[in-house]
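In terms of full-length UniProt numbering, the sequence shown has 78 at position 78, counting the first letter as 1, and numbering is strictly consecutive.
These notes concern the structure reproduced below.
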Amino acid sequence: MDSTPLSTATKSVARLQSLLAGRQSGPSELLLQILQGCKIDPTEKIATIIESLGDKFRTEFTRQSSSVPMITPDYANQRLQLAITLFYKFVENIFQKEKTLHSDISHLAVQEIFYECTLACSLEIIIYSYNCQRKFPWILNALNVEPFYFVRVIELIVRSQDQLPRDAVKHLNMVEQKIIESLIWKSGSPIWRILSNSGENFPKFEDIALPGNMVHSEEQPAPGQILRRSLNNQLQSPGPSAVERFQSPISDVKKQLFKPSQTPTKTSHAVMVDKDGTKQLIVLEKPIDSTSTTPVKAEGSSPSSGRPKKSGSLSIIIRKFYNLAYSRMKQLCNKLDITDLKFTQKIWTVFEYSIRDHTHLIKDRHLDQLLMCAVYVVCKVTSTREQKFAEIMQHYRGQPQASSHIYRNVLIDRSSTQEVTDEGINSDIEKRGDLISFYNTVYVLAIKSFALQFKEQDPNIALSPLPLINNNFASPRCQITDNLYITSYDTPTNGGSKTNSLEYHFSRSPSKDLEKINNAINKHIVGKRLLGYDEDTYTPNNKVQRKMQSLVEQRRSQVTE
Numbered sequence: 001m002d003s004t005p006l007s008t009a010t011k012s013v014a015r016l017q018s019l020l021a022g023r024q025s026g027p028s029e030l031l032l033q034i035l036q037g038c039k040i041d042p043t044e045k046i047a048t049i050i051e052s053l054g055d056k057f058r059t060e061f062t063r064q065s066s067s068v069p070m071i072t073p074d075y076a077n078q079r080l081q082l083a084i085t086l087f088y089k090f091v092e093n094i095f096q097k098e099k100t101l102h103s104d105i106s107h108l109a110v111q112e113i114f115y116e117c118t119l120a121c122s123l124e125i126i127i128y129s130y131n132c133q134r135k136f137p138w139i140l141n142a143l144n145v146e147p148f149y150f151v152r153v154i155e156l157i158v159r160s161q162d163q164l165p166r167d168a169v170k171h172l173n174m175v176e177q178k179i180i181e182s183l184i185w186k187s188g189s190p191i192w193r194i195l196s197n198s199g200e201n202f203p204k205f206e207d208i209a210l211p212g213n214m215v216h217s218e219e220q221p222a223p224g225q226i227l228r229r230s231l232n233n234q235l236q237s238p239g240p241s242a243v244e245r246f247q248s249p250i251s252d253v254k255k256q257l258f259k260p261s262q263t264p265t266k267t268s269h270a271v272m273v274d275k276d277g278t279k280q281l282i283v284l285e286k287p288i289d290s291t292s293t294t295p296v297k298a299e300g301s302s303p304s305s306g307r308p309k310k311s312g313s314l315s316i317i318i319r320k321f322y323n324l325a326y327s328r329m330k331q332l333c334n335k336l337d338i339t340d341l342k343f344t345q346k347i348w349t350v351f352e353y354s355i356r357d358h359t360h361l362i363k364d365r366h367l368d369q370l371l372m373c374a375v376y377v378v379c380k381v382t383s384t385r386e387q388k389f390a391e392i393m394q395h396y397r398g399q400p401q402a403s404s405h406i407y408r409n410v411l412i413d414r415s416s417t418q419e420v421t422d423e424g425i426n427s428d429i430e431k432r433g434d435l436i437s438f439y440n441t442v443y444v445l446a447i448k449s450f451a452l453q454f455k456e457q458d459p460n461i462a463l464s465p466l467p468l469i470n471n472n473f474a475s476p477r478c479q480i481t482d483n484l485y486i487t488s489y490d491t492p493t494n495g496g497s498k499t500n501s502l503e504y505h506f507s508r509s510p511s512k513d514l515e516k517i518n519n520a521i522n523k524h525i526v527g528k529r530l531l532g533y534d535e536d537t538y539t540p541n542n543k544v545q546r547k548m549q550s551l552v553e554q555r556r557s558q559v560t561e
């Protein structure tokens, strides 16, 4: 039976209630012990934050509007109490995980913004699950929480709680993308102040990429063919911790580039093709002569050489921004039948240049707007192909996040007036137009001189490395019983397989493999033959069966989407 929005919402609410069963809207004994173990016990501070944000939520949630039905204070309070219960569970799970990574979490425990964002995220999950007709980013406006800070807790929450309903996780992913693509680039966002205070240019992707997370070579290896050694650490990395996400967003740029005992190295990449056709990405490190008078650039050294990789919250967000941009660029290029890797690198190089050297282009605008402009300008200056802007926008409309206002309502210019409005403040006059108008009057003026270098087929033009994205990164493990769980399949590195294991690959394995697993679960343990039981009287474990069947149906729906 196909699921309907109502049935999906009902299941989501049921899973949330199951997740919170037996918990109160307050800290558990375990969480109290963790909080009391900090240098400064934040228990009272947390209660104060909840009371303050709770009052804001009730006021805004019950405010009458022509677009939403009237909501009673009792209903608002019920949703708030559920969110508070969820909030304490998230905080407990996150702190438990942090204590395994850091002996002292006192720095995180005193961060008010961490609790504010976690409560806001808990409220967003409840609002979405109960279909309260408040669309994101309503919750941020209601609680006066900045998207730049809010986005830090989303991945922490998803990683800390693998029992979240799948549709809630998908919704949080949409929320994170919405923040990264546009909300953090609003004029009033803290990111502009932080970038200004850093005294540095907007970082290139290469500056903040994780080891093994980019491709330099002219020929990109196919997924799964990359040398497993170079990516093994990345794929098993648990991701930045909460302490890292809520530390100072700007790293100390004056620290040493190299440790005294280290020799700086240059990193290059090569693609090796085996006899069987398998491609391997090889990382080559060449020591730099210490007597050389050429200054060593940070971006030219290898990650292992002590190069200052920014690990603060700003670096994490910008890395997400670049990864999201490349993912969408790949989708658009595939639709436009742009398959040449070097051509794709040219588009990516122009996009990165527009962000790095002309960061003002993204202010109060959208990531996708700059992506479409980058595709068009590279197609325009090269003689190999020409693409109409209308075709680019047509294929862009097929992306799930696409909306007509993104290419029809683009900021062209803004000027401040000296007139005093009814509110008694100066107002800004915005000139807006479609994406083509923005390209002709703003974008091309900033990018033209840089893009024209790609007009000539010069093989020596430096191209930016491409991000290497693994979509299955840190797939959650779903526990069914004490000794049975479902997780993503990782290819064994030793080439062997367990002879006693039962495996079922969705969309690949025959149904008999699944039947074997079901039979193994339902099979009872038999002792000596004289003590055996009558098989006709055996009753299978219905609880495990139901849970297993539910998970199988859920995974099947994932495959078909």
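Think of the CB as a built atom: it goes at the ideal place given N, C-alpha and C, for glycine as much as any other residue.
- Judged by their CB atoms, L466 and T382 are not nearer to each other than the 9 Å cut-off.
- One thing to note: H395 has its Cβ no nearer than 9 Å to the Cβ of K346.
- Excluding sequence positions up to five before and after G54, its CB lies within less than 6 Å of the CB of L80, all in the same chain and listed in chain order.
- For G433, the three-state secondary structure derived from DSSP is strand.
- Residues of the same chain with a CB within less than 6 Å of the CB of L119, apart from the 5 flanking positions on each side, are L53, F87 in chain order.
- Under the three-state reduction of DSSP, R63 is assigned to coil, being neither helix nor strand.
- Taken in chain order, the whole alpha helix (DSSP H) runs of length 4 or more contained in the segment 55-131 are 73-101, 106-109, 112-129.
- Straight through space, the alpha carbons of I157 and S122 are spaced by roughly 9 Å.
- Take the alpha-carbon of E29 and the one of T85: they are about 14 Å apart.
- In the structure shown, R397 adopts coil according to DSSP, grouped into three states.
- Inter-residue distance for A21 and N213 is about 40 Å (C-alpha atoms, whole angstroms).
- Following the DSSP letters along the chain, one finds W348 inside the alpha helix (DSSP H) bounded by residues 341-357.
- A check of alpha carbon separations from F150 across N131, A168, K178, Q161 identifies K178 as the nearest.
- At a Cβ-Cβ threshold of 9 Å, L19 and L210 do not count as neighbours.
- With the rule of 3 Cβ pairs closer than 8 Å, the segment 128-139 does not count as touching the segment 97-108.
- Here R134 is not bridged, per DSSP, to any residue.
- Burial check for H505: the Cβ neighbour count within 10 Å stays below 16, so the residue is exposed.
- Pairwise C-beta distances place the segment 200-209 in contact with the segment 449-469, as three or more of them are shorter than 8 Å.
- Assignment of I412 by DSSP, reduced to helix, strand and coil, places it in the strand class.
- Per DSSP, reduced to three states, the secondary structure at P211 is coil, with no helix or strand assignment.
- By the criterion of at least three beta-carbon pairs nearer than 8 Å, the segment 37-54 is not in contact with the segment 193-201.
- Exclusion of the five residues before and after S12 leaves S129, P165, D167, A168 as the residues of its chain whose Cβ lies within less than 7 Å of its Cβ.
- Note that the C-beta distance between Q387 and C379 is below 9 Å.
- If you draw a 10 Å sphere on the C-beta of L6, you find fewer than 16 other C-beta atoms in it, and that means exposed.
- Contact between K97 and R23 does not hold, since their C-beta atoms are separated by about 18 Å, which reaches or exceeds 8 Å.
- Of the candidates A520, C333, P510, A520 places its Cα closest to the Cα of S501.
- Taking a C-beta distance under 9 Å as the contact criterion, L183 and F57 do not qualify as a contact pair.
- According to the DSSP secondary-structure assignment, P467 is paired through a beta bridge with M214.
- When rounded, the separation of the alpha-carbon atoms in I50 and E116 is 8 Å.
- The C-beta of A374 has 16 or more other C-beta atoms within 10 Å across all chains shown, which makes the residue buried.
- Per DSSP, reduced to three states, the secondary structure at D368 is helical.
- Annotated three-state conformation of F202 is coil, per DSSP.
- For R385, there is no enclosing alpha helix (DSSP H), as DSSP marks it with neither H nor E.
- Relative to the Cα of I362, the nearest Cα in the group I180, S437, Q401 belongs to I180.
- Only residues of its own chain outside the window of five on either side were considered, and among them V151, I154, E155, K320 have a CB closer than 8 Å to the CB of E176, listed in chain order.
- Where Q33 is concerned, the enclosing alpha helix (DSSP H) starts and stops at 29-36.
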